[in-house]
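Undergrad: Chain order of the listed sequences is A and P.
Per numbering that gives the first Met the number 0, residue 0 is the first one in the first sequence, and the count goes up by one each step.
Per numbering that gives the first Met the number 0, residue 0 is the first one in the second sequence, and the count goes up by one each step.
Heads up, the beta-carbon is just placed ideally off N, CA and C, and yes, glycines get one too.
Just so it is clear, the structure is predicted and the values come from calculations on it, not from any experiment.
2 protein chains.
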Amino acid sequence: MTRIDEIRSEFIEMWGRMSSLWGITPATGRVYGWLITQPDPVDADTIMAGLSMSRGAVSMACRELVDWGLVHPERVGGSRRVAYRAETDLEKVVRAVVTTRKRREWDPVLERLDEWIPGLKGERSREAKVLRERLEDIAALVGVADEAARQFLSGGIVQKLGMQMLMAKASKARRKH
Amino acid sequence: MTRIDEIRSEFIEMWGRMSSLWGITPATGRVYGWLITQPDPVDADTIMAGLSMSRGAVSMACRELVDWGLVHPERVGGSRRVAYRAETDLEKVVRAVVTTRKRREWDPVLERLDEWIPGLKGERSREAKVLRERLEDIAALVGVADEAARQFLSGGIVQKLGMQMLMAKASKARRKH
DNA sequence: TCGAAGATTCAGGAAATACTGAAAGTTCAG
DNA sequence: CTGAACTTTCAGTATTTCCTGAATCTTCGA
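1. Please confirm if Glu12 (chain P) has its CB atom under 8 Å from at least one CB of chain A.
2. Bridge partners of Tyr83 (chain A), per DSSP?
3. Shorter than 8 Å from the beta carbon of Arg111 (chain A) to some beta carbon of chain P?
4. Closer than 8 Å is the cut-off here; do at least three beta carbon pairs connect the region 142-152 of chain A with the region 90-99 of chain A?
5. Closest by CA to Ala26 (chain A), which one among A:Glu114, A:Gly121, A:Val129 and A:Ala60?
6. May I ask which residues mark the beginning and end of the alpha helix (DSSP H) holding Ile116 (chain P)?
7. If Ile46 (chain A) sits next to Val65 (chain A), beta carbons under 8 Å apart, how far is it from one beta carbon to the other, in whole angstroms?
8. Check the Cβ of Thr27 (chain A) against every Cβ in chain P and list those closer than 8 Å, keeping chain order.
9. Using a threshold of 8 Å, state whether the C-beta atoms of Arg133 (chain P) and Ile6 (chain A) are closer than that.
10. Using a beta-carbon distance cut-off of less than 7 Å, what residues from the region 84-106 of chain A approach chain P?
11. Under the rule that 16 or more other beta-carbon atoms within 10 Å means buried, what is His176 (chain P), buried or exposed?
12. Going by alpha carbons, who is nearest to Val141 (chain P) out of P:Asp44, P:Lys120, P:Arg125 and P:Glu110?
13. Is it right to say Ile156 (chain A) is buried, meaning 16 or more other beta carbons lie within 10 angstroms of its own, or is it exposed?
14. Can you give me the C-alpha to C-alpha distance between Arg125 (chain P) and Ala147 (chain A), rounded to a whole angstrom?
15. When you compare only the Cα positions, how much space is there between Arg123 (chain A) and Glu12 (chain P)?
16. As a quick exercise: from A:Glu90, A:Asp106, A:Pro40 and A:Gly76, pick the residue whose alpha carbon is nearest that of Asp136 (chain P).
17. DSSP three-state label for Arg123 (chain A), please.
18. For the alpha helix (DSSP H) that contains Met59 (chain P), what are its first and last residues?
19. How would you label Glu104 (chain P), buried or exposed, when you count the other beta carbons within 10 angstroms and need 16 or more for buried?
20. Does DSSP put Ile23 (chain P) in a helix, in a strand, or in coil?
21. At a Cβ cut of 9 Å, what residues of the region 117-136 of chain A count as close to chain P, listed as they run along the chain?
22. How is Ser153 (chain A) classed by DSSP in three states: helix, strand or coil?
23. Might you give, ordered along the chain, the residues of its own chain that have their beta carbon closer than 8 Å to the beta carbon of Ala138 (chain P), omitting 5 neighbours on each side?
24. What does the alpha-carbon distance come out to for the pair Ser8 (chain A) and Gly121 (chain P)?
25. I want to see whether chain A comes within less than 8 Å of Thr24 (chain P), judged by CB atoms only; does it?
26. With a threshold of 8 Å between beta-carbons, can Ser19 (chain P) be considered close to chain A, or not?
27. Under DSSP, the alpha helix (DSSP H) around Lys91 (chain A) begins and ends at which residues?
28. Which of the residues in the region 32-62 of chain A, read from start to end, lie with their CB under 7 Å from any CB of chain P?
29. What is the rounded straight-line gap between the Cα of Pro107 (chain A) and the Cα of Arg62 (chain A)?
30. Quick one: what does DSSP say Ser51 (chain P) is sitting in, helix, strand or coil?
31. For chain P, is any of its Cβ atoms less than 8 Å away from the one on Trp67 (chain A)?
32. Can you find a C-beta in chain P that's less than 8 Å from the C-beta of Leu140 (chain A)?
Below you can see the structure in the form of structure tokens.
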């Protein structure tokens with residue numbers, strides 16, 4: 000095994016382990032990792048062979064990645080075959096992840112909090128009063144995060160420039176060492 | 000079941016479901032949710048009864064929460080018994096979560112990237128070149144996140160004020176509706 | 001329209017993860 | 001120092017989550 004294969008397989012394993020952190024299954028994570036290491040789009044059979052996964056698992060993983068917007072399906076000329084290409088523009092990746100997680104995870108939390116807090120307004124007990132205060136604090140914090148996400152996603156030119164600047168800076172700083 | 004008990008149990012269930020998102024086990028999430036709903040510190044037996052969990056599970060959950068800094072153990076006067084109190088200062092909570100996840104999850108990623116990238120410098124193939132570019136981009140992005148986290152944790156007065164202002168604003172905005 | 005290439009689905013089995021409960025460990029009052 | 005009160009540990013089991021692979025469905029060239 001050459002150095003690059005070694006690095007590739009470690010990188011893929013890393014994506015597998017980080018999968019829960021992103022809210023995807025391990026197999027999906029490995030597929031995304033694998034796709035990132037491929038310079039050109041690859042089809043399902045190649046992924047199957049490369050990761051020793053079943054056809055079904057590859058299909059489900061790719062679907063999930065396409066839903067997230069992390070991978071793009073491309074028709075291979077003159078055939079039904081689909082080849083998958085990883086999105087490598089990191090701004091798009093971050094945007095896709097923020098969008099999906101916000102919708103799936105934060106929005107429902109805010110909704111529930113907004114139901115609960117008024118429901119506690121009537122209660123007289125100290126218990127209810129304390130709980131209400133705590134829920135209000137949490138709602139405020141989630142609201143801030145929500146607003147920040149919204150700002151980022153609405154993505155005026157300002158945010159884009161800011162992000163690119165930061166990335167360029169970090170990139171340069173890292174190269175020094 | 001009164002309204003408050005209903006809300007409490009839904010809130011606890013929510014923490015159970017969100018647990019994987021925070022990187023804790025469901026039982027640990029439920030315990031934290033339960034503690035948040037309690038105005039006063041509670042001991043292990045009370046948690047056991049309230050959540051119908053085994054003694055062992057409660058012990059492990061509380062330990063994990065204490066490790067994260069989300070819960071504080073307090074000795075009950077004149078006895079070996081320990082009572083647990085949820086941290087409700089949200090700035091401290093966010094700080095604790097950022098610290099722990101950064102250490103456990105981001106730092107290792109950066110470390111690995113820093114090993115891999117030089118390892119690819121020698122390789123001539125297009126494959127290696129493309130992979131190296133992608134890893135460098137990822138490293139830059141993680142580096143930015145890392146720096147942001149560091150800034151936040153080093154927590155000058157500036158960040159604190161900024162956060163408090165945002166929270167106050169969000170809090171007020173929410174009350175209007 | 002038909003047949004074949006290829007994608008998708010999903011029931012069931014495999015693997016990972018979490019929880020229980022009893023035994024062992026720890027601490028403290030007396 | 002002792003034993004009672006309380007906590008922690010961990011082997012075994014329960015539960016959840018994930019993956020496989022064969023059956024089914026879809027699309028496209030001819």
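TA: The structure says:
1. In the second sequence, counting from the first residue as 1, residue 12 (chain P) sits at position 13. No, because no Cβ of chain A sits closer than 8 Å to the Cβ of Glu12 (chain P).
2. One-based indexing of the first sequence puts residue 83 (chain A) at position 84. Answer by DSSP bridge pairing, in chain order: A:Val41 and A:Pro72.
3. Translated into positions along the first sequence, residue 111 (chain A) becomes position 112. The beta-carbon of Arg111 (chain A) is placed less than 8 Å from the nearest beta-carbon of chain P.
4. yes
5. Here residue 26 (chain A) refers to the residue found at position 27 when the first sequence is read from its first residue. Measuring from the Cα of Ala26 (chain A), the nearest candidate turns out to be A:Ala60.
6. By 1-based counting over the second sequence, the position of residue 116 (chain P) is 117. The continuous alpha helix (DSSP H) containing Ile116 (chain P) extends over residues Asp106 to Lys120.
7. By one-based count along the first sequence, residue 46 (chain A) stands at place 47. By one-based count along the first sequence, residue 65 (chain A) stands at place 66. Not confirmed; about 13 Å, so no contact.
8. To locate residue 27 (chain A), count along the first sequence from 1; it is residue 28. In chain order: nothing, as chain P lies at least about 15 Å away.
9. Position 134 of the second sequence, counting from 1, holds the residue named residue 133 (chain P). Position 7 of the first sequence, counting from 1, holds the residue named residue 6 (chain A). Result no, Cβ atoms of Arg133 (chain P) and Ile6 (chain A) do not sit closer than 8 Å.
10. Thr87, Leu89 and Glu104
11. Translated into positions along the second sequence, residue 176 (chain P) becomes position 177. Confidence is the limiting factor: at His176 (chain P) the pLDDT is only 49, short of 50, which leaves the residue's position unreliable, though a coordinate-based value still follows. Exposed: under 16 other Cβ atoms inside 10 Å.
12. Along the second sequence, one-based indexing puts residue 141 (chain P) at 142. Measuring from the Cα of Val141 (chain P), the nearest candidate turns out to be P:Glu110.
13. Numbered from 1 along the first sequence, position 157 holds the residue referred to as residue 156 (chain A). Note that Ile156 (chain A) has pLDDT 45, beneath the 50 cutoff, so the model's placement of it is unreliable and no number is given.
14. In the second sequence, the residue the question calls residue 125 (chain P) occupies position 126. In the first sequence, the residue the question calls residue 147 (chain A) occupies position 148. Distance between the alpha carbons of Arg125 (chain P) and Ala147 (chain A) is about 39 Å.
15. Position 124 of the first sequence, counting from 1, holds the residue named residue 123 (chain A). Position 13 of the second sequence, counting from 1, holds the residue named residue 12 (chain P). When rounded, the distance between both Cα atoms is 24 Å.
16. The residue labelled residue 136 (chain P) in the question sits at position 137 within the second sequence. When each option's Cα is compared against that of Asp136 (chain P), the closest is A:Glu90.
17. Here residue 123 (chain A) refers to the residue found at position 124 when the first sequence is read from its first residue. In this structure, Arg123 (chain A) counts as coil in the three-state DSSP scheme.
18. On the second sequence, residue 59 (chain P) is found 60 positions in, with the first residue counted as 1. Boundaries of the alpha helix (DSSP H) harbouring Met59 (chain P): Arg54 to Trp67, taken from the DSSP string.
19. Here residue 104 (chain P) is taken as the residue at index 105 of the second sequence, counted from 1. By the beta-carbon neighbour count (other beta carbons within 10 angstroms, threshold 16), Glu104 (chain P) is exposed.
20. Within the second sequence, numbered from 1, the residue matching residue 23 (chain P) stands at position 24. Coil at Ile23 (chain P), not helix or strand.
21. Gly118, Leu119, Gly121, Glu122, Ser124, Arg125, Glu126, Ala127, Lys128, Val129, Leu130, Glu132, Arg133, Leu134, Glu135 and Asp136
22. Taking the first residue of the first sequence as position 1, residue 153 (chain A) is located at position 154. Ser153 (chain A) falls in the helix class under three-state DSSP.
23. Here residue 138 (chain P) corresponds to residue number 139 of the second sequence, with the count starting at 1. The beta carbon of Ala138 (chain P) is closer than 8 Å to those of Leu109, Leu112, Asp113 and Ile116 in its chain, skipping five residues each way along the sequence.
24. Counting from one through the first sequence, the residue named residue 8 (chain A) turns up at place 9. Counting from one through the second sequence, the residue named residue 121 (chain P) turns up at place 122. Approximately 18 Å between the Cα atoms of the pair.
25. In the second sequence, counting from the first residue as 1, residue 24 (chain P) sits at position 25. False, the Cβ-Cβ gap to chain A never drops below 8 Å.
26. As a position in the second sequence, residue 19 (chain P) is number 20, starting the count at 1. Interface residue (Cβ-Cβ distance to chain A less than 8 Å): Ser19 (chain P) is classified as such.
27. Mapped onto the first sequence, residue 91 (chain A) falls at position 92. First-last of the alpha helix (DSSP H) with Lys91 (chain A): Leu89 to Arg100.
28. Ile35, Thr36 and Pro38
29. Position 108 of the first sequence, counted from the first residue, corresponds to residue 107 (chain A). Position 63 of the first sequence, counted from the first residue, corresponds to residue 62 (chain A). C-alpha separation (whole angstroms): 24 Å.
30. In the second sequence, residue 51 (chain P) corresponds to position 52, counting from 1. Coil, per DSSP.
31. Translated into the one-based positions of the first sequence, residue 67 (chain A) becomes position 68. Not closer than 8 Å to any Cβ of chain P, the Cβ of Trp67 (chain A) fails to qualify, so no.
32. By 1-based counting over the first sequence, the position of residue 140 (chain A) is 141. Leu140 (chain A) counts as touching chain P.
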